[in-house]
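What follows is a short report on a single structure.
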Amino acid sequence: MHRTPFSQFISRAVLTVRCRPPLPGVTALALLFSMAWALPTLTQDAAAEQARWQAELMQLLLEIDITEERQTELRQEIAELDSDRAALNQALIETNQNVQQLERDLDLIEARMDALIVEEADLNRVFRERRNVLAEVLAVLQRMGRAPPPAIIIQPEDALAAVRSAILLGAVVSEIWTEAEALAVDIERLIALRQEQETERALVIEAANDMAEQHQRLELLVEERRQALDQTGESLRAEQERLGALALEAQTLEELIGAFEIENGPDGGVQLAAVEPGAGAIEPGLPLLFGEADRISPALPFASARGLLPRPANGDLIIGYGAEDDLGGLSQGISIATRPGARVAAPADGWVEFAGPYRSYGNLLIIDAGGGYRIVLAGMERIDVQRGQFVLAGEPVGAMRSPQVAAAADVALGMLRPVLYVEFRRDSDSINPDPWWADPY
């Protein structure tokens, strides 16, 4: 591993301490203590360093791109997919799973990096607290270096000075060595921390490149799906216009869903074509992601899917079901802080009942899961599905907000996290989604 001149110097000084040489090692000790005394000026506190690191990461994720050659290869891969719906659905689900895994990997790297930054800041705080002691020891070492104790064999007339020096050294050298050994351990750990940080930065670059490729592949697959729907779903455009007018009339989410219940009946199930009930069903107890990709109706009744649904997005739960929300009321769903630009997947099989902007919800997606159950997703910057479309659990349906490059340079990543709102409803009431997740938040 390549070592900087600073690392090489410290290693030599530490080796001097480890070997406990006689007095000629004073010079190395003095340099070691002087470097430790100056160390706090080289680093920032943990909060400032974490903010700088997060901004650096966000800038990297926004600016990194894949080569034109690789983009061409991805287009060819997708063009070679079978034209049937199952192949496209399977590719969409698998690519979205890859994206979400890369998001989780980046979350872990960020957590490790934050821990390393905090540990480095703790070491620097120790150096700052010991600065006065280090300065005193350094002064003693400098004086010892300028006026070393006399050699009795060469100058026997200085025996008295030698005895006095021995008494003095016996009182201070032991303490100096103890301090030096502790200092050597701390400095070695500091060097290791900085090397670990460089390793984590290399992992970030690798993950960012992989994510850029997977994002590009997902975008091409979503476009392929959209074109396939356009070829067979021209009538959906008029339906979207009708839904827009309906959204303007409905004053609340309950009113909007109530209008759909009147249209579709209490059991729901928006279907623009006849389907075979249970087509593509899976074995009971298996996660929905393992169902047949060509199914055109839910693999199993939603009420039987407890503990099987995949998360719609990676992130941290910031408001749980029934907790107090930002408006002082009780939340009817859950709120998840995601990564900027995170992909959102359908949590369950179902028909898209509504997809578009709605009042303070922003872009709103309602999935009719059948049997009177509905899933509400809000807060996305973009929705990639349309009214009447049947979506599978794990299939990408939208994307969260991505920050602008200029903003990322000035604001920490944690302050840029968009929030996905998820609500489960049965008939006219919201229900707790927690029992349904295969991997709870």
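In case it helps, the numbering used here puts the sequence shown at residues -17 to 423.
Even for Gly, the Cβ is constructed at its ideal location relative to N, Cα and C.
By how many angstroms is the C-alpha of Ile244 removed from the C-alpha of Leu439?
What the structure shows of the chain is the stretch from -17 to 423, and residue 439 is not part of that stretch, so it cannot be assessed.
The alpha helix (DSSP H) that contains Leu84, what's its start and end?
First-last of the alpha helix (DSSP H) with Leu84: Arg67 to Glu111.
Let me check one thing: in DSSP terms, what residues is Pro339 bridge-paired to?
The partner list for Pro339 (beta bridge, DSSP) reads Asn345.
For Asn296 and Arg86, I'd like the C-alpha separation in whole angstroms.
Rounded to the nearest angstrom, the two C-alpha atoms are 7 Å apart.
Other residues of its chain near Ser342: CB distance less than 8 Å, five sequence neighbours each side excluded:
Answer for Ser342: no residue qualifies.
DSSP state of Pro415, grouped into three classes?
Under the three-state reduction of DSSP, Pro415 is assigned to coil, being neither helix nor strand.
Residues of its chain near Leu185, where Cβ-Cβ distance is below 6 Å and the 5 sequence neighbours each way are ignored
Taken in chain order, the residues that qualify are Ile91.
How about Gly344 and Asp366: do their beta carbons lie closer than 7 Å?
Here Gly344 is not near Asp366, since their CB atoms are 7 Å or more apart.
How about Gly361 and Tyr303: are their beta carbons less than 7 Å apart?
Not closer than 7 Å, so no.
Does the beta-carbon distance from Arg293 to Pro378 come in below 7 Å?
No; because the gap between Cβ atoms is not below 7 Å, this pair is not in contact.
Helix, strand or coil at Ala388 according to DSSP, with G and I counted as helix
Unreliable positioning characterises Ala388 in this predicted model, as indicated by a pLDDT of 42, which lies under 50. The coordinate reading is nonetheless provided below. Looking at Ala388 - three-state DSSP - the assignment turns out to be helix.
Can you have a look at Pro329 and say buried or exposed, based on whether 16 or more other CB atoms are within 10 angstroms of its CB?
Buried.
Beta carbon of Asp276, beta carbon of Arg67: below 7 Å?
In this structure, Arg67 lies closer than 7 Å to Asp276 by Cβ.
Just how far apart, CA to CA, sit Gly226 and Gly338?
Linking Gly226 to Gly338 through their CA atoms gives a straight-line distance of about 8 Å.
For Ala241 and Ile301, the rounded distance between their alpha carbons:
So the alpha carbons of these two residues sit roughly 28 Å apart.
Are the beta-carbon atoms belonging to Thr320 and Pro415 less than 7 Å from one another?
No. Outside cutoff.
Taking DSSP as the reference, what is the three-state secondary structure of Arg407?
Correct three-state label for Arg407: strand.
Would you mind working out which of Val334, Pro322, Ile169 and Asp298 sits nearest Phe40, comparing C-alpha positions?
Going by the sequence as given, residue 40 is Met instead of Phe. Closest option to Met40, Cα to Cα, is Pro322.
Does the beta-carbon distance from Gly354 to Asp409 come in below 7 Å?
Taking 7 Å as the Cβ cut-off, Gly354 and Asp409 qualify as a contacting pair.
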